[in-house]
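In our numbering, the protein residues as written are 360 to 590. All C-beta atoms in this analysis are idealised placements derived from N, C-alpha and C, irrespective of residue type, glycine included. Read through the structure below, which is laid out as structure tokens, and then see the notes.
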């Protein structure tokens, strides 16, 4: 299908590489899908919470490496006893999350679903976002977290290294490295200065993704015009 397309548009450098490998030609344009960030920009960015809190937002599925996060948390809890882990989402690995919650009452919280405004509030109540995925196409939740001034701990897979600048807007770990994930979470939750710096940089980085509907439409229109001109 890619080889029959008149033009290709990629969402990130990672997807651009995939498209070029499959189609044999580079995409004409590379820019992210439009994201309505209004629920995340209505309120000013807040200070970090007093309680060090890691937040996961996504489906509770194997592709999100929920098992790795569940295995990493006991190591974090042992070194940062006051730390909390909040997981927002539903999925096939719910039972695994519930067992972790039962093993660490008061430390681990699971929330099945909330409205977009409430996702922003959960981010405000967190120190950082954790996204240890095994695969990721774009990772919109990273942009949402950036918009709320929160750094991101993510795995080096898919488009995540395109979004997360290691040591600047977050920390990158190997998706199979449970100890590395635990260490990254521990470092951020135990170092308010680091968490604040990552958050400031993340908020600054969010500006590049804040396209208005008109700006986004203009970029799509440019892609269409270039395609027609080359027909």
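Cβ neighbours of residue 485 within its own chain (closer than 8 Å, five residues either side excluded): 408, 412, 413, 414, 445, 509. Check the Cα spacing between residue 399 and each of 495, 372, 432, 500: the tightest is with 500. Cα atoms of residue 396 and residue 569: separation of roughly 7 Å, rounded to the nearest angstrom. Between residue 477 and residue 439, the alpha-carbon positions lie close to 26 Å from each other.
Under the three-state reduction of DSSP output, residue 529 falls in the strand class.
For the pair residue 586 and residue 578, the Cα-to-Cα distance works out to about 12 Å.
By the neighbour-count criterion, in which 16 or more other beta carbons inside 10 Å mark a residue as buried, residue 506 falls on the buried side.
DSSP, read as helix, strand or coil, puts residue 443 in strand.
Counting along the chain, the unbroken beta strand (DSSP E) around residue 514 starts and ends at 510-514. Judged by DSSP in its simplified three-state form, residue 404 adopts coil rather than helix or strand.
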